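Q:
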Amino acid sequence: AQKITQTQPGMFVQEKEAVTLDCTYDTSDPSYGLFWYKQPSSGEMIFLIYQGSYDQQNATEGRYSLNFQKARKSANLVISASQLGDSAMYFCAMRAPGRVDSSYKLIFGSGTRLLVRP
Amino acid sequence: DSGVTQTPKHLITATGQRVTLRCSPRSGDLSVYWYQQSLDQGLQFLIQYYNGEERAKGNILERFSAQQFPDLHSELNLSSLELGDSALYFCASGGTGKDTQYFGPGTRLTVL
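So the protein sequences, as listed, match chains G and P. For reference, each letter of the first sequence is one residue, going 70 to 187 in the working numbering. For reference, each letter of the second sequence is one residue, going 33 to 144 in the working numbering.
#1: State the CB to CB distance for the pair Pro166(G) and Asp124(G), rounded to an integer number of angstroms; the pair is presumed to be in contact (CB under 8 angstroms).
#2: Cα separation between Arg186(G) and Ile148(G)?
#3: Is it the case that the Cβ atoms of Leu175(G) and Gln38(P) are separated by a distance below 8 angstroms?
#4: Which residues, taken in chain order from the region 153-164 of chain G, show a beta carbon closer than 9 angstroms to some beta carbon of chain P?
#5: Check whether the region 79-87 of chain G and the region 135-144 of chain G are in contact - that is, three or more C-beta pairs closer than 8 angstroms.
#6: Any contact of the region 46-55 of chain P with the region 71-88 of chain P, i.e. 3+ C-beta pairs under 8 angstroms?
#7: Using the beta-carbon count (16 or more within 10 Å), is Ser112(P) buried or exposed?
#8: Counting only beta-carbon separations shorter than 8 angstroms, does Tyr94(G) have a partner in chain P?
#9: Give the single residue among Gln68(P), Ala98(P), Ser63(P) and Gly60(P) whose Cα lies nearest to the Cα of Gly112(G).
#10: Which residues, in chain order, does the region 86-108 of chain P contribute to contact with chain G at a C-beta distance below 8 angstroms?
#11: Any residues in the region 113-146 of chain G with a beta carbon nearer than 9 angstroms to a beta carbon of chain P? Which ones, in chain order?
#12: From what residue to what residue does the beta strand (DSSP E) around Asp95(G) run?
#13: Does the contact criterion of 3 or more C-beta pairs under 8 angstroms hold for the region 55-72 of chain P versus the region 97-108 of chain P?
#14: Where are the beta strand (DSSP E) runs, 3 residues long or more, that stay fully inside the region 59-83 of chain P, in chain order?
#15: In chain order, which continuous runs of the alpha helix (DSSP H) of length 4 or greater are located wholly inside the region 83-160 of chain G?
#16: Applying a beta-carbon distance threshold of less than 7 angstroms, which residues of chain P neighbour Lys174(G)?
#17: Could you pull the start and end residues of the beta strand (DSSP E) that Ile73(G) belongs to?
#18: Determine, using beta carbons only, whether Leu90(G) and Leu183(G) come nearer to each other than 8 angstroms.
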C-alpha cells in the first residue's frame, strides 16, 4: 500500500537559514509523483514543488528544492534563506494511480509545522 | 490564487442537517477532487470526478455524495451531519490525471 511518512511534527529555523523537511514514501508502482504543499494558518493549500519518479534531476522552484533519493525512497524539501512568511504546515504527498484511466488521488503525510524565528 | 473557487468559505450547521459545498475548477481542468482535513484523520481523499463521471472513490461515507455538472463545477453533499463531520473540505482540480492538483481555499464546516 502507498504511504507517506513525515517524522518531524514541528521544526524551528532561524530567519535566512536553510531548512530541510523530511519525507519518505512507500509504493510498489514504478511511476509516481511526489508533491509538497504549504498550508499557512489561513488554511489554504499552496502547491510548492513536484518531482516525477523518472525525473533525472532534483526539482527546484525558486527557494524550494526537492532532494529526491529514489533508492532511499525519500523526497525531502529544502527551503533556502528562510523567511518569516515560510512559517506554516508543510505536507508531502504522493500521487497514487487508481484502477481506472485518469483516476488519481493524492496521499498525504501528517505534515510538519515549521516556525521561522526572527 | 490557485484559480479554484469554493463556496461557502465557512458553514455552521446542526447535527442531522444537510449541506452542499460547491467547487469551480480552474479553467480547462476536467478533474475535480474532494478532500477532507480533520484533526484526527489528517488529509484524506474522498472522491474524484473527471469530465462529469466518477473516477475514484476514497474514504467517503455513504451519507456523502458528489456530482460534477456539464459546466464542470462540482458539488459535495453532506447529509445527516454528525459532530465528527466538522472539518475543512477542499476541492482540487487538475487536467489529465497526472497533472498537479491545485487546491481551492476550502470550506470550513462546523457541526454543532
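Every residue, glycine too, gets a C-beta built ideally from N, C-alpha and C. Remember, it's a predicted structure, so these values are computed and weren't measured experimentally.
A: Quick look at the numbers:
#1: That belief does not hold up - the Cβ atoms of Pro166(G) and Asp124(G) are roughly 17 angstroms apart, past 8 angstroms.
#2: 14 angstroms
#3: no
#4: Phe160, Ala162 and Arg164
#5: no
#6: Taking 8 angstroms as the limit for Cβ pairs, the verdict is that the region 71-88 of chain P does not touch the region 46-55 of chain P.
#7: exposed
#8: no
#9: Gln68(P)
#10: Hits within the stretch, in order: Arg87, Ala88 and Gly90.
#11: Correct list: Glu113, Met114, Ile115, Phe116, Tyr119 and Gly121.
#12: Thr93 to Asp95
#13: yes
#14: Given a length threshold of 3 residues, each whole run of the beta strand (DSSP E) inside the region 59-83 of chain P is given here in chain order: 63-70 and 74-82.
#15: none
#16: Tyr65, Phe77, Gln80, Ala88 and Gly90
#17: For Ile73(G), the uninterrupted beta strand (DSSP E) run begins and ends at Lys72 to Thr74, by DSSP.
#18: yes
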